[in-house]
Structure formats: structure tokens, C-alpha cells
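What follows is one structure encoded as C-alpha cells, with my remarks underneath.
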Amino acid sequence: MAQDHYDVIVIGSGPGGGSLTARLAKTGKRILLLERGDYLPRSQANWDAKTVFVDGAYQAKETWYGGDGRAFSPALHYYVGGNSKVYGSALLRMRERDFEAVRHVDGISPAWPVSYAEFEPYYAEAERLFAVHGERGEDPTEPWSSGPYAHPPVSHEPRIQKLSEDWAREGLQPFHLPLGIKLEERNGKPTPTSTCIRCDAFDGFPCLLNGKADAQVMTVDPTLAAHSNVTLLVNATVTTLETDPAGKTVTAVNVTREGRDERYSADIVVVACGALSSALLLLRSANAAHPNGLANGSDQVGRNYMRHNMSVLMALSKEANDTVFQKTLALSDFYFASRDWEYPMGLIQMCAKTQPDQIRGEEFPEWTGFLPNAPFEMVARHSMDFWLQSEDLPHPDNRVSLGRDGRVILDIEQNNREAHDRLRAKLSDLLEPGGAYTYLFERSLYLGKNIPISGTAHQSGTLRFGADPAASVLDLTCKAHQLDNLYVTDASFFPSIGAVNPTLTIVANALRVAAHLEERLG
Ligand SMILES: Cc1cc2nc3c(=O)[nH]c(=O)nc-3n(C[C@H](O)[C@H](O)[C@H](O)COP(=O)(O)OP(=O)(O)OC[C@H]3O[C@@H](n4cnc5c(N)ncnc54)[C@H](O)[C@@H]3O)c2cc1C
Ligand code: SF4
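Below is the structure:
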């Protein structure tokens, strides 16, 4: 079979693969970007809550299995831009202390092998690349930075401004949530030329107007427009990687594209399929030199899977909440040890406003007793919505693996739950004093009906990086310890996950690896 040779092959066009490609494109090297999905079709259905959340129209049609053998559908999205096509675009830096060992109620969150200081310039570059809007100095746990955000924070609508002021009066430090968004505002309204119109379909919906700073819009599209040395192939699923007999170099990338088998090679191969799919690709690429999976001499491939302990909560109040674009506020007062508890709890952020079709699709036993006749529209109008996330700790038995029949198995034993339960209780207390918010409900549709197993949105940690080849898969440049030309730039390199959303760190690391490759390629 003919084999096209490139300088670099990048597998996966999400934030990790897209950002690396965008930076490396400027070297003029021949780069092939392979993406198993196609462009997400633009249509009005992009903004339809039933299509997105109830029907799961954009989610991959895959069946995986838990360790107990139960089938589930992972929340995966195979498109140009990857999962960022549907992400909520909250782009925060990990805290400086997240790079160090942090004591949690259930154990130690391990230190990263590189410091925040090494990441800082790449965080700054990542914030520019993804048009992050924010305000330095408001968030009490934010790490130091080399400069201000390039874009002002997204303004609060009156009801959220009031919540922010209520919390500040109670001695808390709410802040504007940093968001990657192509929004220009004047007096709280989008300008006539702003791409984003501040609609109610932020978070979980693909953006019909390309106003969300996702990897397709911010990295792939502009790179292809400006650099003829970059080629994108869509519907191109990488099935396996081959090595030389010694197992030191990846010599071929095998692809199935539109029913045909194809084969490519490159001096450098970068895997960025998302933390779960990247581990699976390496496991499927086992050969005589790597009998337990490519780069798996340490038996760490697929292990230490993390995904945050998360909840989406809907507070119902007597007063209507007419906010349209709700995702503008966050609270990190309980991120680390606080005067309430000696261990970290996590981060509270607003999320998009509940829509009537989402409520219709939820399974709330509570509804029958409370509001038996309430129309869903009325309930949605009175809701205020929060996303809570707490750190889960890496554990070798929390892992993705392949069954003997090739089926995908995801084993999870939840840990650090007490931190998350306390964070939920905190939010409940915070909403009490004014008496404005009476009920707090769990919303599960946003992240998958059964969040613990199918909530793969923040997947990370399956190929962690480290100095010790016996305890990690990747070295400090995210090159596989055992191979000379194989790199990984999605969230699988995370040794711990902190409690902030992962994507800005994925992008910053991809840019860091790209800087290393620029030097290597000369
Ligand atoms: C509903 C939702 C909301 C979220 N909200 C936020 C948020 O607010 N903030 C935040 O920071 N993060 C958020 N996330 C997480 C964020 O989307 C991910 O962290 C990010 O997309 C991961 O980037 P990645 O490049 O590692 O992987 P992905 O985005 O998963 O991209 C991997 C790409 O590789 C492709 N691929 C996979 N296997 C193959 C193969 N074998 N061959 C070829 N191509 C392949 C996939 O199709 C995909 O395009 C959210 C996620 C979801 C689902
Ligand atoms: S709020 Fe802006 S970015 Fe989000 S879906 Fe609406 S137009 Fe797109």
C-alpha cells in the first residue's frame, strides 16, 4: 500500500491536536491532521434543547461497559474541534498549588513534574488563542499571571449581578467566569458586528454562529486558511500505529477513511484523540515489541483516569429569573481548605439556563410532589443553574481497557465524594439566607444521565507524564518514554486534575509541546 510521508501527523482535531497544529503550522513543515469525525452540521437544530440534550443527536453512538458489565453511552463527540464543539468554554488556569501535592480528605493529589511557572507563558498564549474574556484580580485563588486578559469579562445580567453582590455582602469573593467567546459587548449588549449574540444556548449546545471559541473555530479553520502546508482529512479514523521491529519508532499510521484502508507515516506522530480514545489507540496498537499496548512498558496506559466529581444543580425560586446568558459568575472560596473544612471542596460556577425541554427530559421523582401542575416553561423561567466540580484523585484501578472481545471497559470507583457533597451543601446554604431560592434539584441530562460513568466530559489522566518511566507513560515533553517519535497532547498527560475545567491546561500544554517540537524539527 502506498504510504504518504509527512513531517508531522496529528491525530485528533480537538483543543489538544488543533492548538498544536496551529502553532506548528508556522514552521512550514508538512503536517497531516487526521480526524475521525466530520464538520458538525450547522443547522437550527444546533440550538434545540431536545435535539441536543434529550435526543443526544451530536453524541457518538457508542456502547461501552462499566466494570460491572453494565452498558452505557460515553459523552463523546467526534467532530472537527472534538468535544469543544459542545463545551461550555469556561477556560481557567489551574491554581499554582494544583501543580504541587495537595492533601484531600481521601488522599494526596500528586504534584506535577513541572511547575506552574513553566506553564505560565503557554497559559497566556492559550488565553489569546481562545479569546478568553476575564478580569484578573477578582478570583481569590487565581495564580499569578504575566499580563491582563486580552478581552474584558463577559458582563452579568441584572439577576446574576445581584447574586454576585449578595455573595460579596456575605464576605465571599465571586468573580467573572473566564470564557472563550467571540463576543464584543457595549453596555451589556452584543455590538452589531459581534459574532456571539449572547443567546440562551451557551453550554452544551454547538454554536450555530461559530461564536463559541472552540477548537474548530479558533485553531483548525484559521490554520487551514493561512497555511497550505497543513492538510486535514476528515472521517479518517486511526485504527492502529505500527512500529519498527525494535519498537522504538512509529513507522506507520493506519487509517480507515470512508470505507478504505490508508496508511501514512511521519517523522513525528502526535496523538490527541481525547484521554480515553488515546489510551485505547495505544492499547489497540499492541505488537511484538509492545505486547501490552504501545508505550505500555510501565503498565500505566489507561490507568489513573480522572473526570471530576460534578453536579449540575437547578435552584428554583419564587421570583422569575429572566437571565438569558447566565454563565458569567463563579466562586472559588471553597477551592482549597477554608475555615469550614481543612480540605479542598471545589469550584462553583453558573451554567446555562435550564430550558423547558431539558426539564421535560429529566427524571425528577421530586416533581410529582412539588409543582404537580407546573408547566415546564414556568419551572425553567424560575430556575437558576449551577455547575459544581470537585477534584477526584488518580487511582490505578480507575482505568479504561479493552475486553477480550474488543469491547471498551471503563472502571470507576468514585473517590473524594465527601468534598463534593460538602460543596453541594455549601451552595444550598448560600442560597438560603435571602429565602429567595427554595429548592435545589439535580440536573443530569447536561452531562449524561448517569454522570459517574457516562460523564466523560472532563476525561483526563490515562497516559500521565512524569520523570520516572516505571510510573508514567510520557516524559516531561509528553513524548512516550519508550518511543522516539510519539507524542501525546490531550488531557491524558494530567497527573492530577485540580478542580478547574481542563481545556485551557490542555491547550497550554499542547502549545508547550509544540514549542519543544519546533526546536526538535529545526
Ligand atoms: C458538554 C461538555 C461541556 C464541557 N465544558 C467545558 C468547559 O466549560 N470548560 C472546559 O475547560 N472543558 C469543558 N469540557 C471538556 C472539553 O470539551 C475537553 O476538555 C476538550 O475538548 C478535550 O480536548 P482534547 O483535544 O483532549 O480531546 P477532544 O476534544 O475529545 O478531541 C479529540 C478528537 O480526536 C478525534 N479522535 C478520537 N479518536 C480518533 C481516532 N482514532 N482517529 C482520528 N481521530 C480521533 C475525536 O473525534 C476528536 O475530534 C466540556 C465537555 C463537554 C462534553
Ligand atoms: S451565546 Fe454566543 S457563542 Fe453561545 S451559542 Fe449563543 S451566539 Fe453562540
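Using my numbering, the letters of the sequence shown map in sequence onto residues 48 to 569. Just so it is clear, CB atoms sit at the ideal spot from N, CA and C, and this is done for glycine as well. A quick note: this is a predicted structure, and the numbers were derived from the prediction, not measured.
- Between the alpha carbons of P237 and K295 lies a distance of about 53 Å.
- Taking a contact as a CB-CB distance under 8 Å, the pair S60 and G129 counts as one, their CB atoms being some 6 Å apart.
- For Y126, the shortest separation between its Cβ and any heavy atom of ligand 1 lies below 7 Å.
- The beta-bridge partner set that DSSP reports for H151 consists of G154.
- The stretch 287-306 makes no contact with the stretch 93-102, as fewer than three CB pairs between them are under 8 Å.
- At least one heavy atom of ligand 1 lies closer than 7 Å to the C-beta of H505.
- Taking C-beta atoms as the reference points, K400 and S430 count as a pair closer than 8 Å.
- DSSP places W191 in the coil class of the three-state scheme, outside both helix and strand.
- Excluding sequence positions up to five before and after P549, its CB lies within less than 6 Å of the CB of H505, S507 and A538, all in the same chain and listed in chain order.
- For S66, the enclosing alpha helix (DSSP H) starts and ends at P62 to L71.
- Only residues of its own chain outside the window of five on either side were considered, and among them P200 and H223 have a CB closer than 6 Å to the CB of E182, listed in chain order.
- The C-alpha of A514 is placed about 27 Å away from the C-alpha of E189.
- In the three-state reduction of the DSSP assignment, A319 falls in the coil class.
- Of the candidates G218, R446 and D387, R446 places its Cα closest to the Cα of A322.
- Of all alpha-carbon atoms in P121, Y126 and H52, the one lying nearest the alpha-carbon of G64 is that of Y126.
- DSSP, reduced to helix, strand and coil, places T401 outside both helices and strands of the structure shown, so it counts as coil.
- Secondary structure at D213: helix, using DSSP grouped into helix, strand and coil.
- G340 is positioned such that its CB atom lies no closer than 8 Å to that of T509.
- By the C-beta density criterion, D432 is buried, having at least 16 other C-beta atoms within 10 angstroms.
- Secondary structure within the stretch 98-126: the beta strand (DSSP E) runs of 3 or more consecutive residues, fully enclosed, are 111-113 (chain order).
- Measuring C-alpha to C-alpha distances from C320 to each of S437, R83 and A248 identifies R83 as the nearest.
- In this structure the stretch 370-385 does not touch the stretch 71-89; the number of beta carbon pairs closer than 8 Å is below three.
- When distances are taken from the beta-carbon of E438 to the heavy atoms of ligand 1, even the shortest one reaches 7 Å or more.
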